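Beneath this line is the structure, given in structure tokens, with notes to follow.
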Amino acid sequence: MWIIASSIVAVLMATTMIFVRLRASRKPASVKKIILPPFFMSTGALMFVFEPFRVEWIQVLEAFSVGVVFSIFLIKTSKFEIREKDIYLIPSKAFAFILFGLLALRIVLKTLIGQHVSFGETSGMFFLLAFGMILSWRIAMLIKYKQVERKLLERDMAAAVAAQK
């Protein structure tokens with residue numbers, strides 16, 4: 006019962022994430038918009054204060070590592086572009102497919118693991134998986150953003166020098 010309920014919530018969250026990302030692509034990106042989501046998500050680690058959600062260190066490493074591997078798909082589809090004097094995240098057509106594909110894989114894994122591991126431990130492991138995924142994705146986005154920002158500054162400096170001549 007809990008697996009079904011949590012899967013439904015995960016589908017709703019993924020759908021919401023797609024709409025949020027599409028709306029965000031209409032506004033310029035910023036360092037703040039890139040780094041805040043992992044900070045907000047990190048508050049979920051408070052679940053580990055409660056005994057049923059605690060996992061062994063090896064499970065922490067496994068779940069986090071799987072999240073990092075899953076993030077590769079998101080990293081590959083996250084690109085930025087310069088429009089006038091601002092930097093925008095380019096909405097990828099593949100984002101929705103990747104997100105729902107990862108969600109389907111997550112539901113299958115959760116169902117399989119849930120047969121051998123308690124619901125609390127499974128929840129803790131999948132929180133760590135999601136956190137590993139979003140943290141590594143956002144770090145990669147920040148690096149890409151800074152590279153594009155450097156190009157924008159170089160372009161603006163070249164234009165300023167050309168204007169002085």
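Each residue of the sequence shown is one higher than the one before, counting from 6 in the working numbering. By construction, the Cβ of each residue, glycine as well, lies at the ideal position given by its N, Cα and C atoms. Please read all numbers here as calculations on a predicted model, not as lab measurements.
- Between residue 29 and residue 150 the beta-carbon gap is near 13 Å, outside 8 Å, which marks them as no contact.
- For residue 93, DSSP records a beta bridge to 86.
- Judged by DSSP secondary structure, residue 135 falls within the alpha helix (DSSP H) whose first and last residues are 124-169.
- Here residue 105 is not near residue 10, since their CB atoms are 8 Å or more apart.
- If you look at residue 44, you'll find it in the alpha helix (DSSP H) that goes 36-47.
- About 13 Å separates the beta carbon of residue 136 from that of residue 111, a gap too long to meet the 8 Å contact definition.
- Secondary structure at residue 98: coil, using DSSP grouped into helix, strand and coil.
- By the Cβ criterion, the stretch 67-81 is in contact with the stretch 93-109, since at least three pairs of Cβ atoms, one from each stretch, lie closer than 8 Å.
- In the structure shown, residue 11 falls within a helical segment according to DSSP collapsed to helix, strand and coil.
- The three-state secondary structure of residue 60, taken from DSSP, is coil.
- Apart from the 5 residues on each side of it in sequence, residue 23 sits with its Cβ closer than 8 Å to the Cβ of 100, 101, 104 in its chain, given in chain order.
- Distance from the CA of residue 169 to the CA of residue 153, rounded to the nearest whole angstrom, comes to 25 Å.
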